[in-house]
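Enquirer: Our numbering numbers the first residue of the sequence shown as 18 and each following residue consecutively.
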Amino acid sequence: MSDELRAGIIGAGFIGMVHAHAVRAAGGIVRRAAASTPERSLDAAGRLGAEGAAATAEELIDAEDVDVVHICAPNSRHAELALRAIAAGKHLICEKPLAVHLEGARRLAEAAARADVVATVPFVYRFYPTVREARVRLAAGEGGPLRLVHGSYLQDWQAAGAPAGWRGEPGEGGEIRAFIDIGVHWCDLVEFVSGQRIARLVADITDGGRQSSVQFRTDGGAAGSVVVSQVSPGRKNRLAFSLETHELSYSFNQEEPETLTIGGVDETRHLQRGAGAAGRLSVLPPGHPQGYQDCFNAFVSDSYAAIGGDQPEGLPGFDDGVRAAALTHAVGESARVGRWVEVPS
């Protein structure tokens with residue numbers, strides 16, 4: 018393997034472009050790109066700025082000049098492509114879900130561990146500096162025990178009936194599409210920040226899977242709820258949470274990520290990015306807004322650092338992908354049977 022990591026990106030949609038930018042920001046090079054046909058692969062290579070195209074995803078994975086594989090293909094292809102990459106001894110970054118079923122996700126995590134490859138999942142909202150600040154303060158017990166968790170993840174791209182594309186197909190998780198697409202991001206972020214896991218839940222899925230509401234209890238005893246929707250007019254990408262202790266609340270909104278609001282009975286503070294635990298991920302001076310691409314850059318940089326032997330704190334791996342699959346399984350099961358269920362371990 019060369020000192021400069023050589024990436025291959027499978028899939029050339031919006032998220033493939035984000036990966037390509039992040040590879041370069043991390044000091045890597047986009048060696049090859051692949052899409053659904055050889056012709057689309059050539060087009061993908063041009064749009065992603067790759068040095069070359071692979072006729073198929075399998076050809077890209079097997080290429081000797083690719084060190085790390087980025088899987089940005091439709092959901093139903095994640096598992097097969099990830100397994101092939103692991104078998105080839107390649108490090109990999111795989112978009113969620115790892116697989117459309119829980120057992121498939123577990124098999125992938127086990128295979129990656131046996132092969133001793135670095136395998137990560139882009140739960141990139143963890144990389145907002147203000148999110149890290151909230152995590153540190155809650156871990157220190159500031160404000161007392163956590164007792165209430167609530168929030169939402171709202172988008173509107175389906176509100177006007179826009180085609181869902183492959184996301185709407187049953188084999189892609191279409192029957193629970195909003196939760197599998199964005200709800201797992203909210204759950205990962207809240208569990209990461211709070212240090213507690215969702216243990217039991219009851220879910221309702223409506224509008225053909227485009228809306229979900231989930232009530233839950235954590236393993237630490239906190240009560241919680243979340244609304245997930247891709248049909249909420251005017252909400253472009255509003256991921257928001259409030260974590261409430263006995264004395265303080267910690268509130269974050271991804272559309273306004275430069276501020277962490279810390280509420281108290283007598284005083285509410287708006288903590289700006291750049292202070293305290295937020296420092297490592299603050300790549301620009303305060304007042305110069307950072308956003309989603311910066312989070313993705315930090316995630317890929319930490320993934321590549323792990324390939325080099327480092328152990329970055331908070332890097333989401335395939336175990337976190339399995340966790341997302343377990344939550345998705347529980348939400349689907351609860352909606353089907355109409356009662357509270359335990360989240361599989």
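In this text, a Cβ means the ideal position worked out from N, Cα and C, and glycines have one as well.
(1) Could you tell me if residue 277 is buried or exposed, where buried requires 16 or more neighbouring beta carbons within 10 angstroms of its beta carbon?
(2) Specify the secondary structure class of residue 289 as computed by DSSP and reduced to three states.
(3) So what does DSSP say about residue 270, is it helix, strand or coil?
(4) Nearest-angstrom Cα distance between residue 69 and residue 47?
(5) If we ignore side chains and look at the alpha-carbon of each, how far apart do residue 13 and residue 269 end up?
(6) DSSP state of residue 172, grouped into three classes?
(7) What residues in its chain sit with their C-beta under 8 Å from that of residue 264, if we drop five residues either side in the sequence?
(8) Among 52, 79 and 350, which one has its Cα closest to the Cα of residue 220?
(9) Is it buried or exposed for residue 36, if we count other Cβ within 10 angstroms and need 16 for buried?
(10) Could you tell me which residues DSSP pairs with residue 69 in its beta bridges?
(11) For the candidate residues 140, 253 and 24, whose alpha-carbon lies nearest to that of residue 210?
(12) Please give the ranges of any beta strand (DSSP E) in the region 191-226, keeping only runs that are unbroken, at least 3 residues long and fully inside the region.
(13) Whose C-alpha, out of 314, 356, 323 and 58, is nearest the C-alpha of residue 42?
(14) Buried or exposed for residue 254, going by 16 or more other Cβ atoms inside 10 Å?
(15) Which one or two residues does DSSP pair with residue 312 in a beta bridge?
(16) Would you tell me roughly how many angstroms separate the C-alpha atoms of residue 51 and residue 34, rounded to the nearest one?
(17) Between 90, 311, 193 and 299, which lies nearest to residue 353 when the distance is taken from Cα to Cα?
(18) Decide if residue 200 is buried, meaning its Cβ has at least 16 other Cβ atoms within 10 Å, or exposed.
(19) Rounded to whole angstroms, what's the CA-CA distance from residue 202 to residue 112? Just pull it up for me.
Expert: In short:
(1) buried
(2) strand
(3) strand
(4) 9 Å
(5) Here the chain comprises residues numbered 18 to 362, so residue 13 is not present and cannot be evaluated.
(6) coil
(7) 160, 161, 281 and 282
(8) 350
(9) buried
(10) 49
(11) 140
(12) 215-223
(13) 314
(14) exposed
(15) Paired residue(s): none; residue 312 is not in a bridge.
(16) 13 Å
(17) 193
(18) buried
(19) 11 Å
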